[in-house]
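K.L.:
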DNA sequence: CCAATTTACGGCCCTCGTAAGCATT
DNA sequence: AATGCTTACGAGGGCCGTAAATTGG
């Protein structure tokens, strides 16, 4: 069977057109070189080199095969390098799922840092409903996920990624719109827009805990962006992560909360994950550690 | 050193995800297979396959390396096939030099037939002054050349390719323009345009042989097309191969000659030429043999 | 006669296959 | 207990290197 070594030997002879020099370059003696090249020609059934007494000449088929052999050798070397790079995590792909409003906070931070440090790792970013994040990681659709604590963390390893206060969001013509900071009492009696309990349990618990009395719930919707948009339409008020301010909607005002509860986005990873680039991602996440 | 066989073994395991089945497919027993894959991983320094009791799983690096390994194996197989095809002349390149006015006669005939019969051989056509053809072949710039007998055929093998009569070409307003056929006497006294003796000795000999008396030579130029063009400009008359008629110039008329001398285009090849596609070219040339 | 490659031959390493070991389900 | 991969070990083959033969200028 044809062997990479035979290709390397042939290339050396084809490049020097001299069996002696080629053998020297390969750190072998001439006889094995002659035999291997002859064996290669035999297996191919093609004469690659014409041997004359004082010189060797490539046949047309040999010239063509030289090109191919060079490319094959280069491809093999490259494949070996890539495999090592992949193993080290310097080369590869990472698929990251994240809840959509993380696009306004942790995702740009994390991906910018990561892409700069590891330019040869391709990032696949997948916006996802928060409830799908943990399952996506567990089932291997994502290498990592960014979201709030899913509560039922079935064996997921997590790193804190981004910590921020909650803030009230009210229509810009609301009577509280220009308040400097709000207490739970001031929001009593308002109609609230929330995301469902099964979608963001941690966030919802933080909101309801800060509000002493259970609020009147007008409606529920899954995405924080949608909540802010509905507030802008005058349908009610809401408490959302402060980073949603970056939506820059003119129809709403963000108002800080007195003793605002903090919410934390986590990077979720399977502890047995095999993608080496993940270690780099976790290192970056740890370096972003909120104070 | 990494070996093609190791790549083949690895691909088999990666595709079956089962060392036993892979060994069966490769017609070897498991132990060598395990060892070779382990050796490959060892040499790469990369874990490619995670062995679990009941199943094997590719690591990300392994998945990537599988793609590369497949491509390398395919490239090698293709290179072997190409080398054999090249040797047989079914694949390759042919560089053919030809005197320029052969573009109106033998070249289209020959190249059309050849390209149809051997579509994987790339033809490089090089228009050349007739005097450069034989040298070009001898010095290896052309695999073959098409032209008149160069006289001094220093070891060139030739095949007759295209045989045609000479014809007179006169300005369309010339008093002989509508003659049905001409004798040497009728052209006596005309001023002739010829190609130089060192450029087309055979052609010139045929012309001077047919004209009983030496003509008055107005001027000489190398290309037959130029000769026809100058005749069209009213500078004189000429005798050229009949196929030049295909120039379709309205300012000249071609008039047959009584007992017209025939000239023959030859395919010239070095007898020791190494390009296998040449045998196909010569076979086509022989099948075009003028009657 | 010299340069360069191929052929001859002995020693060694490497690989294969059989058989035993080991781990996981 | 059974499946499936790895390790152990002896036999065989292939490859390397030294040395001799061959080919061509």
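Chains as they are written, first to last, in UniProt numbering: chain A, 1 to 291; chain B, 1 to 291.
Ideal Cβ positions, reconstructed from N, Cα and C, are used throughout, including at glycine.
Ordered along the chain, which non-local residues of its own chain (more than five positions away) have a Cβ less than 6 Å from that of residue 98 of chain B?
P.N.:
Locating residue 98 of chain B in the second chain gives position 98, counting from the first residue. Excluding sequence neighbours, residue 98 of chain B sits near 107, 146.
K.L.:
Counting only Cβ pairs nearer than 7 Å, list the residues of chain A close to residue 36 of chain B.
P.N.:
Reading the second chain from its first residue, position 36 is the one you call residue 36 of chain B. Residues of chain A passing the Cβ test: none, with the nearest at roughly 13 Å.
K.L.:
Return no unless some Cβ of chain A is closer than 8 Å to the Cβ of residue 17 of chain B.
P.N.:
Within the second chain, residue 17 of chain B is the residue found at index 17, counting from 1. Interface with chain A (8 Å Cβ-Cβ cutoff): residue 17 of chain B is excluded.
K.L.:
Run through chain B and tell me which residues come within less than 8 Å of residue 100 of chain A, C-beta to C-beta.
P.N.:
The residue given as residue 100 of chain A occupies position 100 in the first chain. Within 8 Å Cβ-Cβ: nothing; residue 100 of chain A doesn't reach chain B, min ~27 Å.
K.L.:
Measuring only between beta-carbons, confirm whether residue 10 of chain B sits less than 8 Å from chain A.
P.N.:
Counted from its first residue, the second chain places residue 10 of chain B at position 10. No, because no Cβ of chain A sits closer than 8 Å to the Cβ of residue 10 of chain B.
K.L.:
How long is the line joining the alpha carbons of residue 180 of chain A and residue 121 of chain A, rounded to whole angstroms?
P.N.:
One-based indexing of the first chain puts residue 180 of chain A at position 180. One-based indexing of the first chain puts residue 121 of chain A at position 121. Going by the C-alpha atoms only, they are around 44 Å apart.
K.L.:
Where residue 29 of chain A and residue 35 of chain A are concerned, what is the direct C-alpha to C-alpha distance, given to the nearest angstrom?
P.N.:
Looking up residue 29 of chain A in the first chain gives position 29. Looking up residue 35 of chain A in the first chain gives position 35. Those two C-alpha atoms are separated by around 11 Å.
K.L.:
At what residues does the alpha helix (DSSP H) containing residue 209 of chain B begin and finish?
P.N.:
Counting from one through the second chain, the residue named residue 209 of chain B turns up at place 209. Counting along the chain, the alpha helix (DSSP H) containing residue 209 of chain B begins and ends at 201-210.
K.L.:
Following the continuous beta strand (DSSP E) through residue 183 of chain A, name the residue where it begins and the one where it ends.
P.N.:
Position 183 of the first chain, counted from the first residue, corresponds to residue 183 of chain A. First-last for residue 183 of chain A: undefined, no H or E at that position.
K.L.:
Run through chain B and tell me which residues come within less than 8 Å of residue 114 of chain A, C-beta to C-beta.
P.N.:
Within the first chain, numbered from 1, the residue matching residue 114 of chain A stands at position 114. Ordered by position in chain B, no residue passes the 8 Å Cβ test against residue 114 of chain A, which lies about 17 Å from the chain.
K.L.:
Helix or strand or just coil, what does DSSP make of residue 96 of chain A?
P.N.:
Here residue 96 of chain A is taken as the residue at index 96 of the first chain, counted from 1. Strand.
K.L.:
According to the neighbour-count rule (16 or more other Cβ atoms, all chains shown, within 10 Å of its Cβ), is residue 253 of chain A buried or exposed?
P.N.:
Residue mapping note: residue 253 of chain A aligns to position 253 of the first chain, counting from 1. Classification of residue 253 of chain A: buried, given that the 10 Å Cβ count is 16 or more.
K.L.:
Tell me which residues of the stretch 70-96 of chain A have at least one Cβ-Cβ distance to chain B shorter than 7 Å, keeping chain order.
P.N.:
71, 72, 75, 76, 79, 80, 82, 83, 84, 86, 87, 92
K.L.:
Take residue 224 of chain B and list the residues in its own chain whose beta-carbon comes closer than 6 Å to its own, dropping the five residues that flank it on each side.
P.N.:
As a first step, residue 224 of chain B must be located in the second chain, where it is residue number 224. Answer for residue 224 of chain B: 101, 240, 244, listed in chain order.
K.L.:
Could you tell me whether the Cβ atoms of residue 4 of chain A and residue 4 of chain B are closer together than 8 Å?
P.N.:
Stepping through the first chain from its first residue, residue 4 of chain A is reached at position 4. Stepping through the second chain from its first residue, residue 4 of chain B is reached at position 4. For residue 4 of chain A and residue 4 of chain B, yes; Cβs fall inside 8 Å.
K.L.:
Is the Cβ-Cβ distance between residue 187 of chain A and residue 216 of chain A less than 8 Å?
P.N.:
As a first step, residue 187 of chain A is located in the first chain; it is residue number 187 there, counting from the start. As a first step, residue 216 of chain A is located in the first chain; it is residue number 216 there, counting from the start. No, these two residues do not count as a Cβ contact at 8 Å.
K.L.:
Using the C-alpha atoms, what's the distance from residue 129 of chain A back to residue 220 of chain A?
P.N.:
What you label residue 220 of chain A is simply residue 220 of the first chain in a count that begins at 1. What you label residue 129 of chain A is simply residue 129 of the first chain in a count that begins at 1. The straight-line gap from Cα to Cα measures roughly 14 Å.
K.L.:
Assuming residue 149 of chain A and residue 266 of chain A make a contact with CB atoms under 8 Å, what is their CB distance in whole Å?
P.N.:
For this step, residue 149 of chain A is matched to residue 149 along the first chain. For this step, residue 266 of chain A is matched to residue 266 along the first chain. Between residue 266 of chain A and residue 149 of chain A the Cβ distance is about 6 Å, and since that is below 8 Å, they are a contact.
K.L.:
For a minimum of 3 consecutive residues, which ranges assigned as the beta strand (DSSP E) are wholly contained in the UniProt domain "HTH lysR-type" (2-59) of chain A?
P.N.:
49-51, 56-58
K.L.:
Suppose you measure from the CA of residue 151 of chain B to the CA of residue 201 of chain B; what does that come to, to the nearest Å?
P.N.:
For the purposes of this step, residue 151 of chain B is taken as residue 151 along the second chain, with counting starting at 1. For the purposes of this step, residue 201 of chain B is taken as residue 201 along the second chain, with counting starting at 1. Residue 151 of chain B and residue 201 of chain B: Cα-Cα distance of roughly 7 Å.
K.L.:
Taking Cβ to Cβ, would you say residue 157 of chain B is nearer than 8 Å to residue 276 of chain B?
P.N.:
For the purposes of this step, residue 157 of chain B is taken as the residue at position 157 of the second chain. For the purposes of this step, residue 276 of chain B is taken as the residue at position 276 of the second chain. No. Outside cutoff.
K.L.:
What does a CB cutoff of less than 8 Å around residue 177 of chain B pick up in its chain, not counting 5 residues either side in sequence?
P.N.:
Locating residue 177 of chain B in the second chain gives position 177, counting from the first residue. Closer than 8 Å at Cβ, skipping near neighbours: 170, 171, 253, 255.
K.L.:
What residues from chain A crowd round residue 44 of chain B, counting only those whose CB sits closer than 7 Å?
P.N.:
Taking the second chain and counting its residues from 1, one reaches residue 44 of chain B at position 44. Neighbours of residue 44 of chain B in chain A, taken as residues whose beta carbon is under 7 Å from its own, are 80, 83, 84 in chain order.
K.L.:
Please tell me whether residue 65 of chain B has its Cβ less than 8 Å away from any Cβ of chain A.
P.N.:
Along the second chain, read from residue 1 onward, the residue named residue 65 of chain B stands at position 65. It does: the Cβ of residue 65 of chain B has a partner Cβ on chain A nearer than 8 Å.
K.L.:
Where does residue 249 of chain A sit, in a helix, a strand or coil, going by DSSP?
P.N.:
Position 249 of the first chain holds residue 249 of chain A. Three-state result, residue 249 of chain A: coil.
K.L.:
Would the stretch 184-198 of chain A count as touching the stretch 226-242 of chain A if we require 3 or more Cβ pairs under 8 Å?
P.N.:
yes
K.L.:
Give a yes or no on whether the C-beta atoms belonging to residue 63 of chain B and residue 17 of chain B are separated by under 8 Å.
P.N.:
As a working mapping, residue 63 of chain B is identified with position 63 in the second chain. As a working mapping, residue 17 of chain B is identified with position 17 in the second chain. Their beta carbons are not under 8 Å apart, which means residue 63 of chain B does not touch residue 17 of chain B by this criterion.
K.L.:
Name the two residues that bound the continuous alpha helix (DSSP H) containing residue 192 of chain A.
P.N.:
On the first chain, position 192 is the one that residue 192 of chain A refers to. Segment 191-194 is the beta strand (DSSP E) holding residue 192 of chain A; no alpha helix (DSSP H) there.
K.L.:
Please work out which residues of its chain come closer than 8 Å, Cβ to Cβ, to residue 1 of chain A, disregarding the five sequence neighbours upstream and downstream, and give them in chain order.
P.N.:
As a position in the first chain, residue 1 of chain A is number 1, starting the count at 1. Answer for residue 1 of chain A: 43, listed in chain order.
K.L.:
Less than 8 Å between CB atoms is the rule here; does residue 279 of chain B satisfy it with respect to chain A?
P.N.:
The residue given as residue 279 of chain B occupies position 279 in the second chain. Not closer than 8 Å to any Cβ of chain A, the Cβ of residue 279 of chain B fails to qualify, so no.
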